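Residue numbers (the working numbering): 76 to 250.
Written as C-alpha cells, this is what we have:
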C-alpha cells in the first residue's frame, strides 16, 4: 500500500516503468528491514561473544578446580552465554541471506547446547575443565564465523540498497 501511494504521487505514463519503480521500492524496503534484523543479530552475537570470552577467561583462571570463585563466575557467564546464543539463533532465523551464504543455525545450536551441557556435566562430576574450556573455545570459533558472515551480509545488503536507490533516482529523474 505504501509503495502504491508513493508511486501514485509521481506521474509516470509508462505502466512498465511504474511497475519497475514499485518493485524497486518494495525491494529496497525489504532489504532495509533485513538490515535491521541483521543489526539485531549482530547485537546479540557481540553480547554472546563478550560473554563466551569471559567464560573462557574464568575457566582458564580456575585451573583444575583450584579456584571455586572463578568456576562460579564461569558458570554464571556460561548460563548468560547460553541465553544470548538462543536469542542470537532466533535473530538469525529472521534474516533472509542475499549473499547465498548460510549460517548453519542447527549446527550452531548444537554447539551451544553441547557446550552448555558439557560445561555443567564437567562441573558436576569434576572431570576437569579442559573439556569445558575446549567446548567454550569451539563455540566461540563458531560464533566468530557466524558473525563474519553477518558482517559480510550487512555490507552486501547496504551496497545493494544504494544500487537500488540509484535505479529509483534514475527513474524519478526521467519522470
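Glycine included, each C-beta is placed from N, C-alpha and C at the ideal position.
Keep in mind it's a predicted model, so treat the numbers as computed, not measured.
Can you tell me whether residue i is buried or exposed, with buried defined as 16 or more other CB within 10 angstroms of its CB?
i	result
residue 109	buried
residue 120	buried
residue 163	buried
residue 207	buried
residue 215	buried
residue 126	buried
residue 217	buried
residue 156	buried
Pull up the distance between the alpha-carbon of residue i and that of residue j, whole angstroms please.
i	j	result
residue 231	residue 204	40 Å
residue 224	residue 96	30 Å
residue 154	residue 161	11 Å
residue 241	residue 213	43 Å
residue 106	residue 88	27 Å
residue 165	residue 226	17 Å
residue 118	residue 239	26 Å
residue 178	residue 167	8 Å
residue 100	residue 136	54 Å
residue 199	residue 235	In this prediction, residue 199 scores a pLDDT of 48, lower than 50, which makes its location untrustworthy; the coordinate-derived value is nonetheless stated afterwards. Those two C-alpha atoms are separated by around 51 Å.
residue 171	residue 244	25 Å
residue 122	residue 102	30 Å
residue 94	residue 247	13 Å
residue 132	residue 149	8 Å
residue 182	residue 221	Bear in mind that the predicted position of residue 182 carries a pLDDT of just 48, short of 50, making it unreliable; the figure below should be weighed with that in mind. If I take the Cα positions, the gap works out to 11 Å.
residue 113	residue 237	17 Å
residue 209	residue 98	49 Å
residue 147	residue 111	36 Å
Determine, using beta carbons only, whether residue i and residue j come nearer to each other than 9 Å.
i	j	result
residue 134	residue 145	yes
residue 92	residue 211	no
residue 228	residue 173	yes
residue 169	residue 233	no
residue 159	residue 219	no
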